[in-house]
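Read the structure below first, then the notes.
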Amino acid sequence: MEHEALKKKDNESVMRSYARYDVSIIEGKGAVCYDSSGKRHIDFTAGIGVNALGFCDPKWSAAVAAQASRLQHASNLFYTEPCATLAGRLTERTGLAKVFFANSGAEANECAIKAARKHSFDKYGGGRHGIITLENSFHGRTMATITATGQDSFHKYFNPFLDGFSYVPAEDAGRLREAATEEVCAIMIEPILGEGGVIPLSREFVGEIESLCCERDILLIVDEVQTGVGRTGRFFAYEHYGLSPDIVTAAKALGGGLPIGAALFGEKLASVFAPGDHGSTFGGNPVSCAGGLVVTERLDDAFLGEVRDKGDYMAEKLRRMKGVKEVSGLGMMLGASLEGGAGAKDVAAECARNGLLMLTAKDKLRFLPPLVISWEEIDEGLAVLASVLV
Ligand SMILES: Cc1ncc(COP(=O)(O)O)c(C=O)c1O
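Our numbering numbers the first residue of the sequence shown as 46 and each following residue consecutively.
Okay, structure coming up:
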């Protein structure tokens with residue numbers, strides 16, 4: 046369908062909850078895709094951090110197609126191999142004990158919040174249900190995760206929000222200590238505030254969080270929905286900090302383009318849920334898990350080393366680019382603030398007209414390219430950005 050016709054059709058029937066770029070994407074391979082006019086685009090978005098192996102990686106597509114032709118769904122009333130194998134892969138990789146599969150990042154975080162509260166209830170009885178999150182954080186769009194999200198702009202319209210959440214500014218250990226009262230059962234952090242502007246937490250602050258959790262028997266939940274599954278050049282970004290979280294959540298890249306979320310639990314919470322305590326019809330879906338198996342198999346040390354190298358290369362080139370003020374992030378999760386108040390959203394829209402798909406986060410440009418992007422494609426994309434910024 047031609048772009049204007051598709052746009053009209055979409056606008057007629059799809060809820061206008063998204064501001065779309067003026068592009069219809071038809072197909073893609075790796076870090077390159079084509080729009081409805083046949084125009085070629087370099088992809089610096091990976092479908093918002095999802096397509097870790099790029100568009101239609103041959104092994105991924107084959108595994109997903111094969112699984113879809115064999116068993117597409119059976120429900121959690123039965124054992125299915127892709128689910129068990131992916132869970133085993135994740136526990137082996139992380140040293141965590143158990144996995145609950147959901148279908149999105151918000152659902153994985155929802156599960157983490159419920160598990161933290163249940164663990165505390167089992168151990169201490171009622172009333173110790175507080176969760177501390179960071180100001181400027183983002184944890185999802187369900188009622189619990191929107192409450193957990195530490196941004197006032199999300200706390201409109203949908204009142205009442207959940208009880209028991211409090212927010213502290215990142216890097217403020219004093220405020221964190223004050224907030225960690227006897228009612229608090231968990232602290233939930235993104236290692237890099239993603240939607241908040243690609244701002245990595247400092248090692249010192251993360252160290253303070255970990256000590257506080259230890260001291261007061263507070264659970265540490267690390268939301269790796271955006272940072273996880275290779276994005277920062279480690280399987281999980283918490284590894285950069287030497288952390289041992291109690292709960293880790295993942296989604297986005299885990300399925301390589303299919304909906305999946307996961308909450309991973311350490312030994313302390315290995316038996317937190319009994320049958321009936323939590324569930325999901327689609328969680329652990331065989332096709333999504335088959336995609337996840339290809340993604341997780343690909344992310345070996347050599348692959349992750351290349352993610353770090355390519356991320357460093359991109360960051361360095363961005364630092365030297367005219368119009369770029371500052372670059373933040375880790376691996377292939379980067380943010381760039383712009384000189385002279387240039388609007389990141391306008392720049393991204395102009396890039397889309399010129400063959401480069403870009404993201405923004407607050408007033409920054411955000412870079413989440415497919416992890417398989419080639420050096421040449423990085424150069425090509427950055428050349429488009431440079432031409433827009435002059
Ligand atoms: C850190 C973080 N947590 C949770 C979410 C929500 O994930 P989903 O949109 O899959 O529900 C996001 C999405 O951007 C995220 O970046």
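Yeah, the Cβ is synthetic: ideal placement off N, Cα and C, and Gly gets one too.
All values reported here derive from a predicted model rather than from experimental measurement.
Ranked by Cα distance from F206, the first of E137, D197, T192 and Q196 is T192.
Around the CB of G385, fewer than 16 other CB atoms lie within 10 Å, so the residue is classed as exposed. A straight line joining the alpha-carbon of G92 with that of Y169 spans about 42 Å.
Annotation: the continuous alpha helix (DSSP H) that includes A107 extends over P103 to R115.
In the three-state reduction of the DSSP assignment, M378 falls in the strand class, which pools E and B. In this structure, DSSP gives V68 a state outside helix and strand, which the three-state scheme calls coil.
For the set K297, R261 and L427, the Cα lying nearest the Cα of R173 is the one of R261.
Checking the 6 Å criterion, the Cβ of G278 is out of range of every heavy atom belonging to ligand 1. Per DSSP, the unbroken beta strand (DSSP E) holding I176 starts and ends at G175 to L179. Shown here for P331: same chain residues with a beta carbon closer than 6 Å to its own, the five before and five after excluded, namely Q112, L116, T125 and P127 in chain order. In the three-state scheme derived from DSSP, where H, G and I count as helix and E and B as strand, L238 is classed as strand. Closest in alpha carbon position to M378, among G140, G94 and A347, is G94.
In chain order, V144 place their CB closer than 6 Å to the CB of A132, counting only its own chain and leaving out the 5 sequence neighbours on each side. DSSP places G219 in the uninterrupted alpha helix (DSSP H) bounded by A218 to A224. With fewer than 16 other CB atoms across the displayed protein chains lying within 10 angstroms of its CB, K370 is exposed. In this structure, I177 places its C-beta atom within 7 Å of the C-beta atom of V229. For V144, the shortest separation between its Cβ and any heavy atom of ligand 1 does not lie below 6 Å. With a threshold of 16 other beta carbon atoms within 10 Å, K367 falls short and is exposed.
Here the stretch 77-87 lies against the stretch 417-432, with 3 or more beta-carbon pairs under 8 Å apart. Going by DSSP, K409 is part of the beta strand (DSSP E) stretching over K409 to F412.
A distance criterion of 6 Å places the beta-carbon of E235 in contact range of ligand 1, judged by its closest non-hydrogen atom. For E284 and E216, the gap between their C-alpha atoms comes out near 19 Å.
Remark: the shortest separation between the CB of F412 and any heavy atom of ligand 1 does not fall under 6 Å. In this structure, F327 lies near N148, with their beta-carbon atoms less than 7 Å apart. Considering only K407, R279 and E421, the residue with the shortest C-alpha distance to G75 is E421. In this structure, I292 sits away from G337, with a CB-CB distance that is not shorter than 7 Å.
By the CB criterion at 7 Å, A360 and V372 fall inside the cutoff. With contacts defined as CB atoms closer than 7 Å, L303 and V274 fail to qualify as a contacting pair. Remark: the shortest separation between the CB of D345 and any heavy atom of ligand 1 does not fall under 6 Å. Under the DSSP assignment, T192 falls outside any beta strand (DSSP E), being part of the alpha helix (DSSP H) whose first and last residues are M188 to A193. Taking 6 Å as the cut-off, the C-beta of A151 counts as close to a heavy atom of ligand 1. Ranked by Cα distance from K52, the options L375, G209 and S69 are led by S69. Residue pairing for G306: DSSP places it in a beta bridge opposite A147. Secondary structure at D262: coil, using DSSP grouped into helix, strand and coil. One Cα belongs to K104, the other to K409, and the distance between them is close to 34 Å.
Sixteen is the threshold: when 16 or more other Cβ atoms of the shown chains lie within 10 Å of the Cβ of S333, as they do, the residue is buried.
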